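**Q**
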Amino acid sequence: MNDHEGAHGFTSVDAQPRPAEWVRVLDRLSAEPFYAAYKQRLDELLRAEPGGLFLEVGAGTGDAAVALRSSSGARVVAIDSSLTMITQARDRGLSHAAVADGHRLPFAADRFDGAWADRVLQHAAEPARMLNELLRVVRPGGRVALADPDYDTQVLDIDDQELARQVLRFRAEVGLRNGSLAHRHAGLLAARGVRDITVEARTLVVRDPSAVDNVMGLRTWAHTAAARGYLHPLDADRFVTRFDDAVRTDRFTYAVTFFLTAGTLAGSD
Ligand SMILES: C[S@@+](CC[C@H](N)C(=O)[O-])C[C@H]1O[C@@H](n2cnc3c(N)ncnc32)[C@H](O)[C@@H]1O
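Be aware that the sequence shown starts at 0, since it is given in numbering that gives the first Met the number 0, and climbs by one per residue.
Here you go:
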């Protein structure tokens, strides 16, 4: 496994050959300072207070839910479509964790003071429907927060920018179901009557290709694209050569921007 969120791995963790490896992927990412920092900001955007009730949709290992509970004193419920993830979340101390589909939340309307989804809408079969569900279960005046990378914002310095763009485009359009939705989260919330919407952008800049290769699998994307008929195999070989050249000459730079979008549900002052 060398691709951090691509190839639809996170749409069906339990169906993967080695589901437990996806737990390790999430743990590796959470340990990265960039991820830790934006996750902390997402917590702040939720404005959780002691005694409040919050929901994380697509909670993965449950680490973020546990962190929000400790930092705010709020009660936190987590759901994820993967039993592997929910088992982890329970093992990590999250008693209110359940297997459920974010498209069909098993909760009454207005149940929560806030809800969030971090790197989940990008995998959703029907992101609009998942968002409707997330908003349905939050009370009027409650908070919602979304985070996702937007792969339309990717850049990569190798010595063939056209080839780099081709591979990055594959990543944006095919590697994930909704790889370039994040810059549209605010519009989706606004269309659903959410108020006081804020959008914050954080750019992940990677200069250490071993981090990319071990965590994000960038070096392999071209061959994945070739295997699926989006790129000629010789171009895929060329991509790897250019990639390695960039590493050797210390020019290697990859960046992608994450959007953190938050707002308040209408209907209460
Ligand atoms: C990239 S991981 C992010 C996990 C966690 N939010 C984090 O930030 O570490 C995406 C998670 O969404 C879950 N997921 C994907 N589709 C889902 C769905 N339809 N309903 C609920 N969870 C889903 C996956 O099982 C996975 O745990």
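Every residue gets a Cβ at the ideal spot worked out from N, C-alpha and C, and that includes glycine. Just so it is clear, the structure is predicted and the values come from calculations on it, not from any experiment.
Should A221 go down as buried or exposed, given a rule of 16 or more other Cβ atoms within 10 Å for buried?
**A** When all chains shown are included, A221 counts as buried.
**Q** Alpha carbon to alpha carbon, what distance is there between T219 and A181?
**A** Approximately 24 angstroms, taken between the alpha carbons.
**Q** Helix or strand or just coil, what does DSSP make of P139?
**A** Here P139 sits in strand by DSSP.
**Q** Taking the alpha carbon of Q39 as the point to measure from, which residue in D79, D117, R103 has its own alpha carbon closest?
**A** When only C-alpha atoms are compared, the closest one is D117.
**Q** Mind checking which residues open and close the beta strand (DSSP E) that includes L52?
**A** 52 to 56 is the span of the beta strand (DSSP E), which, as asked, contains L52.
**Q** Taking the Cβ atom as the reference point for each residue, do G192 and A265 lie within a distance shorter than 8 angstroms?
**A** Yes, Cβ-Cβ distance for G192 and A265 is below 8 angstroms.
**Q** Which of the three DSSP states is assigned to E125 in this structure?
**A** Note: E125 maps to coil in three-state DSSP.
**Q** Based on Cα-Cα distance, which residue from L187, L203, V24, A171 lies nearest to R128?
**A** The candidate whose alpha carbon is nearest that of R128 is L187.
**Q** Residue ranges of each alpha helix (DSSP H) run of no fewer than 4 residues wholly in the stretch 53 to 135, ordered along the chain?
**A** List check, alpha helix (DSSP H) in window: 62 to 71, 82 to 90, 126 to 135.
**Q** Please list the terminal residues of the continuous alpha helix (DSSP H) segment that includes R46.
**A** R46 -> no alpha helix (DSSP H), and no H or E assigned at all.
**Q** Is it right to say L67 is buried, meaning 16 or more other beta carbons lie within 10 angstroms of its own, or is it exposed?
**A** Buried, by the Cβ-count rule.
**Q** Would you say the stretch 104 to 111 touches the stretch 131 to 142, given that touching needs at least three Cβ pairs under 8 angstroms?
**A** Yes, they touch.
**Q** At a cut-off of 7 angstroms, would you count R118 as near ligand 1, judging by its Cβ distance to the nearest heavy atom?
**A** Yes; taking the cut-off as 7 angstroms, the Cβ of R118 has a heavy atom of ligand 1 nearer than that.
**Q** When you compare only the Cα positions, how much space is there between P126 and G57?
**A** Going from the Cα of P126 to the Cα of G57 covers about 12 angstroms.
**Q** Return the chain-ordered list of same chain residues with a C-beta closer than 7 angstroms to the C-beta of D156, the five sequence neighbours on each side being excluded.
**A** If we look at D156 and ignore the five residues flanking it on each side, its Cβ neighbours are A245, R250, F251, T252.
**Q** Within 10 angstroms of its Cβ, does R270 collect 16 or more other Cβ (buried), or is it exposed?
**A** Any answer about residue 270 is impossible in this case: the structure gives the chain only from 0 up to 268.
**Q** Kindly indicate which residue of L162, F53, S70, F242 has the alpha-carbon position closest to the one of A144.
**A** It is F53.
**Q** In angstroms with no decimal places, state the Cα-to-Cα distance between F111 and H95.
**A** About 13 angstroms.
**Q** Helix, strand or coil: how does DSSP classify R241 here?
**A** Here R241 sits in helix by DSSP.
**Q** Taking only the alpha-carbon atoms, compute the straight-line gap between Q87 and R247 and give it to the nearest angstrom.
**A** Going by the C-alpha atoms only, they are around 39 angstroms apart.
**Q** Excluding sequence positions up to five away, which residues of its chain have a Cβ less than 7 angstroms from the Cβ of D100?
**A** Counting only Cβ-Cβ distances below 7 angstroms, and skipping sequence neighbours, we find S80.
**Q** Enumerate in chain order the residues of its own chain whose CB-to-CB distance from I85 is below 6 angstroms, with the five nearest sequence positions on each side excluded.
**A** Answer for I85: D79, A96, V98, listed in chain order.
**Q** Comparing the CB of D100 with every heavy atom of ligand 1, is any distance shorter than 7 angstroms?
**A** For ligand 1, at least one heavy atom lies less than 7 angstroms from the Cβ of D100.
**Q** Contact check, V173 vs R227 under 8 angstroms by CB: the rounded distance?
**A** About 7 angstroms separates the two Cβ atoms, so the contact holds.
**Q** Going by the CB atoms, is the gap between L93 and A73 shorter than 8 angstroms?
**A** The answer is no: Cβ separation not under 8 angstroms.
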